[in-house]
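A.B. asks: Numbering (the working numbering), first residue to last: 4 to 453.
What follows is a single structure, and I will ask about it in a moment.
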């Protein structure tokens with residue numbers, strides 16, 4: 004069964020059950036009120052008759068004539084002695100003789116059903132008869148008007164219920180259409196996107212901000228993220244292809260040179276093999292960094308642990324001092340600067356920054372650590388040429404190099420800072436650059452302590 008049909012059926016059933024319960028309650032309440040009113044009316048007639056009998060009993064008035072004056076048109080009046088024998092009976096229809104005649108000593112008000120299936124209001128009241136005997140005055144009246152009234156009410160409520168079913172069906176249809184239209188639109192767009200390879204979004208303007216609006220908005224946000232992801236993927240592939248094209252071209256050119264002159268000219272052989280080795284090393288470094296960047300972006304899961312960043316930086320400084328044979332100094336305000344980080348990834352950030360400082364400057368390199376309320380700050384300062392202002396905003400872009408020729412000589416790929424930025428931001432930190440032409444460059448990393 005379709006969801007639309009389910010909504011229509013369930014909404015209609017719920018409304019019908021509600022209508023049935025309400026109409027049943029109305030019918031029963033009205034029946035009780037009407038029955039009580041009829042019983043009170045017959046009781047009042049019985050009280051009037053009893054007062055008249057008490058007044059005229061010993062005055063010589065014909066009791067049968069008196070009873071006839073008070074007998075209901077659709078009922079019976081009886082006097083019953085203690086032997087349950089009827090002393091006097093007055094009625095206008097013989098069928099009322101079939102009603103039970105009981106002697107009672109306490110006033111009762113009953114609704115009884117006769118052999119004909121009709122309901123009767125029966126009032127039985129004890130009274131003192133002319134001979135001093137206690138008898139029962141019974142007044143019974145057929146509730147014809149009540150039956151007619153309740154029958155009319157039943158058909159009115161039934162007709163009203165049937166009339167209400169029509170707007171219930173219409174309302175259920177409108178409700179199902181209103182609820183399912185956004186879902187159907189979303190389904191159509193998803194199907195169209197899947198079949199045509201598109202990334203259409205759902206129009207949200209002019210719609211109430213309900214759960215369906217939230218669902219559509221979430222879908223649009225997902226489409227935005229997919230677009231951004233595909234764009235970044237395409238850009239990454241394009242940039243990677245462009246960057247790999249140059250070393251491949253160089254290798255190909257030197258290979259052709261080797262085939263042509265390698266056997267005859269040793270100097271060409273040495274030059275070609277050195278160039279091929281250099282470009283091969285550069286391609287290897289680039290591929291490894293691309294894999295690192297892709298792996299970091301694919302999963303931002305961090306193995307957080309408490310790390311002494313001062314000790315970690317000391318190890319980095321010691322390693323690069325030996326590798327580059329450079330003067331790298333560490334200035335720390337605390338001997339043990341604790342931070343909750345992923346040791347391996349943060350160590351990679353420090354390696355990237357110190358490595359860049361050593362590659363792009365010939366002077367000493369300074370590393371500073373400091374802590375403020377809630378944050379740990381690490382700054383790597385070199386005293387090289389600095390970065391032109393026009394290039395500062397793009398230095399964290401993939402494959403972007405300020406001086407491409409110089410970067411090629413130094414083996415730079417333009418991926419290191421992108422990797423560092425991604426790792427720092429995955430720690431909810433920030434990385435900034437402060438540079439001045441001729442006075443060097445400083446990269447600052449701020450990491451939350453927890």
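C-beta atoms are modelled at their ideal positions from N, C-alpha and C, and glycine is treated no differently.
Quick check: the segment 93–110 against the segment 134–152, are there 3 or more CB pairs under 8 Å?
C.D. replies: Enough Cβ pairs lie closer than 8 Å, so yes.
A.B. asks: Just list the beta strand (DSSP E) runs in the segment 346–407, keeping only unbroken ones of 3 residues or longer that don't cross its boundaries, in chain order.
C.D. replies: Runs found: 368–375 and 378–384.
A.B. asks: Among 231, 228, 340 and 184, whose alpha-carbon lies nearest the alpha-carbon of residue 377?
C.D. replies: By one-based count along the chain shown, residue 377 stands at place 374. For the residues 231, 228, 340 and 184, the minimum Cα distance to residue 377 belongs to 340.
A.B. asks: Return the chain-ordered list of same chain residues with a C-beta closer than 7 Å to the C-beta of residue 338, the five sequence neighbours on each side being excluded.
C.D. replies: Taking the first residue of the chain shown as position 1, residue 338 is located at position 335. Contacts found: 313.
A.B. asks: When we look at the beta-carbon of residue 248 and count the other beta-carbons within 10 Å, is it buried (16 or more) or exposed?
C.D. replies: Locating residue 248 in the chain shown gives position 245, counting from the first residue. With fewer than 16 other Cβ atoms within 10 Å, it is exposed.
A.B. asks: Using three-state DSSP, classify residue 443 as helix, strand or coil.
C.D. replies: Sequence index remark: in the chain shown, residue 443 carries index 440 (1-based). The answer is strand: DSSP assigns residue 443 an E or B state.
A.B. asks: How many Å lie between residue 285 and residue 294 at the Cα?
C.D. replies: Here the question's residue 285 lines up with position 282 in the chain shown. Here the question's residue 294 lines up with position 291 in the chain shown. Cα to Cα, the separation comes out at about 14 Å.
A.B. asks: Which class does residue 337 belong to by DSSP, given the choice of helix, strand or coil?
C.D. replies: Counted from its first residue, the chain shown places residue 337 at position 334. Of the three classes helix, strand and coil, the one that applies to residue 337 here is coil, per DSSP.
A.B. asks: Rounded to a whole number of angstroms, what is the C-alpha to C-alpha distance between residue 169 and residue 183?
C.D. replies: Working through the chain shown from its first residue, we reach residue 169 at position 166. Working through the chain shown from its first residue, we reach residue 183 at position 180. Cα to Cα, the separation comes out at about 21 Å.
A.B. asks: By the DSSP assignment, the alpha helix (DSSP H) with residue 199 in it spans what residues?
C.D. replies: Within the chain shown, numbered from 1, the residue matching residue 199 stands at position 196. Here the alpha helix (DSSP H) through residue 199 covers 147–199.
A.B. asks: Could you have a look at residue 224 and say whether DSSP puts it in helix, strand or coil?
C.D. replies: By one-based count along the chain shown, residue 224 stands at place 221. Residue 224: helix per DSSP, three-state reduction.
A.B. asks: Does the pairing of the segment 8–18 with the segment 109–128 give three or more beta-carbon distances under 8 Å?
C.D. replies: No, the segment 8–18 is not in contact with the segment 109–128.
A.B. asks: Rounded to the nearest angstrom, what separates residue 220 and residue 394 at their Cα positions?
C.D. replies: The residue given as residue 220 occupies position 217 in the chain shown. The residue given as residue 394 occupies position 391 in the chain shown. Roughly 37 Å separates the two Cα atoms.
A.B. asks: Less than 7 Å between C-beta atoms, sequence neighbours within five positions excluded: which residues of the same chain meet that for residue 77?
C.D. replies: In the chain shown, residue 77 corresponds to position 74, counting from 1. Correct list, in chain order: 144, 145 and 147.
A.B. asks: Under three-state DSSP, which class holds residue 71?
C.D. replies: Counting from 1 along the chain shown, the entry for residue 71 is found at position 68. Here residue 71 sits in helix by DSSP.
A.B. asks: Residue range of the alpha helix (DSSP H) that residue 426 falls in?
C.D. replies: The count along the chain shown starts at 1 and reaches residue 426 at position 423. Looking at the DSSP string, the run of the alpha helix (DSSP H) that includes residue 426 is 419–429.
A.B. asks: Tell me where the alpha helix (DSSP H) around residue 320 begins and ends.
C.D. replies: Walking along the chain shown from the start, residue 320 turns up at place 317. Its alpha helix (DSSP H) spans residues 312–327.
A.B. asks: Should residue 421 and residue 401 be called a contact, given that it needs their Cβ atoms to be closer than 7 Å?
C.D. replies: By 1-based counting over the chain shown, the position of residue 421 is 418. By 1-based counting over the chain shown, the position of residue 401 is 398. Going by C-beta atoms, residue 421 is nearer than 7 Å to residue 401.
A.B. asks: Over what stretch of residues does the beta strand (DSSP E) that includes residue 81 continue unbroken?
C.D. replies: Along the chain shown, one-based indexing puts residue 81 at 78. Where residue 81 is concerned, the enclosing beta strand (DSSP E) stretches over 78–83.
A.B. asks: Roughly how far, in whole angstroms, is the beta-carbon of residue 26 from the beta-carbon of residue 179, given that I think they are within contact range, below 8 Å?
C.D. replies: On the chain shown, position 23 is the one that residue 26 refers to. On the chain shown, position 176 is the one that residue 179 refers to. With a Cβ gap of about 25 Å, residue 26 and residue 179 do not count as contacting.
A.B. asks: Alpha carbon to alpha carbon, how far is residue 381 from residue 374? Give it in angstroms, no decimals.
C.D. replies: The sequence position of residue 374 within the chain shown is 371, counting from 1. The sequence position of residue 381 within the chain shown is 378, counting from 1. The alpha-carbon atoms of residue 374 and residue 381 are separated by roughly 9 Å.
A.B. asks: For the beta strand (DSSP E) that contains residue 100, what are its first and last residues?
C.D. replies: Residue 100 sits at position 97 when you count from the first residue of the chain shown. Element bounds for residue 100: n/a, residue is neither H nor E.
A.B. asks: So the beta strand (DSSP E) residue 330 belongs to, where does it begin and stop?
C.D. replies: For the purposes of this step, residue 330 is identified with residue 327 of the chain shown, where counting begins at 1. Looking at the DSSP string, residue 330 is not in any beta strand (DSSP E), and its letter there is neither H nor E.
A.B. asks: Start and end of the beta strand (DSSP E) containing residue 91?
C.D. replies: Mapped onto the chain shown, residue 91 falls at position 88. It spans 89–94 - the beta strand (DSSP E) in which residue 91 sits, taken as one unbroken run.
A.B. asks: What whole-angstrom Cβ distance do residue 189 and residue 158 have, given they're in contact under 8 Å?
C.D. replies: Residue numbering aside, residue 189 sits at position 186 when the chain shown is read from its first letter. Residue numbering aside, residue 158 sits at position 155 when the chain shown is read from its first letter. The Cβ separation is near 48 Å, so there is no contact.
A.B. asks: Taking the alpha carbon of residue 74 as the reference point, which residue from 142, 129, 431 and 181 has its own alpha carbon closest?
C.D. replies: Stepping through the chain shown from its first residue, residue 74 is reached at position 71. Closest by alpha carbon: 142.
A.B. asks: Mapping DSSP to helix, strand and coil, what is residue 112?
C.D. replies: Stepping through the chain shown from its first residue, residue 112 is reached at position 109. If DSSP states are grouped into helix, strand and coil, residue 112 belongs with the strands.
A.B. asks: Going straight from the alpha carbon of residue 362 to that of residue 329, what length do you get?
C.D. replies: The residue you call residue 362 lines up with position 359 of the chain shown. The residue you call residue 329 lines up with position 326 of the chain shown. The alpha-carbon atoms of residue 362 and residue 329 are separated by roughly 11 Å.
A.B. asks: Kindly indicate the opening and closing residues of the beta strand (DSSP E) around residue 125.
C.D. replies: Walking along the chain shown from the start, residue 125 turns up at place 122. From DSSP, the beta strand (DSSP E) with residue 125 extends over 122–131.
A.B. asks: Just to confirm before moving on: does the CB-CB distance between residue 383 and residue 355 stay below 7 Å?
C.D. replies: Here residue 383 refers to the residue found at position 380 of the chain shown. Here residue 355 refers to the residue found at position 352 of the chain shown. No.
A.B. asks: Please classify residue 285: does DSSP put it in a helix, a strand, or coil?
C.D. replies: Within the chain shown, numbered from 1, the residue matching residue 285 stands at position 282. In the structure shown, residue 285 sits in a helix (DSSP, three-state: H, G or I).
A.B. asks: Enumerate in chain order the residues of its own chain whose CB-to-CB distance from residue 411 is below 7 Å, with the five nearest sequence positions on each side excluded.
C.D. replies: By one-based count along the chain shown, residue 411 stands at place 408. Because residue 411 sits at a pLDDT of 45, beneath the cut-off of 50, its placement in the model cannot be relied upon, and the point is left open.
A.B. asks: Taking Cβ to Cβ, would you say residue 433 is nearer than 7 Å to residue 452?
C.D. replies: Indexing the chain shown from 1 puts residue 433 at position 430. Indexing the chain shown from 1 puts residue 452 at position 449. Not closer than 7 Å, so no.
A.B. asks: Leaving out five residues before and five after residue 160 in sequence, what residues of the same chain have Cβ atoms less than 7 Å from its Cβ?
C.D. replies: In the chain shown, counting from the first residue as 1, residue 160 sits at position 157. Once the five neighbours on either side are set aside, the close Cβ partners of residue 160 are 26, 29 and 30.
A.B. asks: Nearest to residue 79 by alpha carbon, out of 88, 98, 66 and 86?
C.D. replies: To locate residue 79, count along the chain shown from 1; it is residue 76. Ranking the options by Cα distance to residue 79, first place goes to 98.
A.B. asks: Judging by CA-CA distance, which residue of 254, 279, 316 and 278 is the nearest neighbour of residue 336?
C.D. replies: In the chain shown, counting from the first residue as 1, residue 336 sits at position 333. Residue 316 is the option with its Cα nearest to residue 336.
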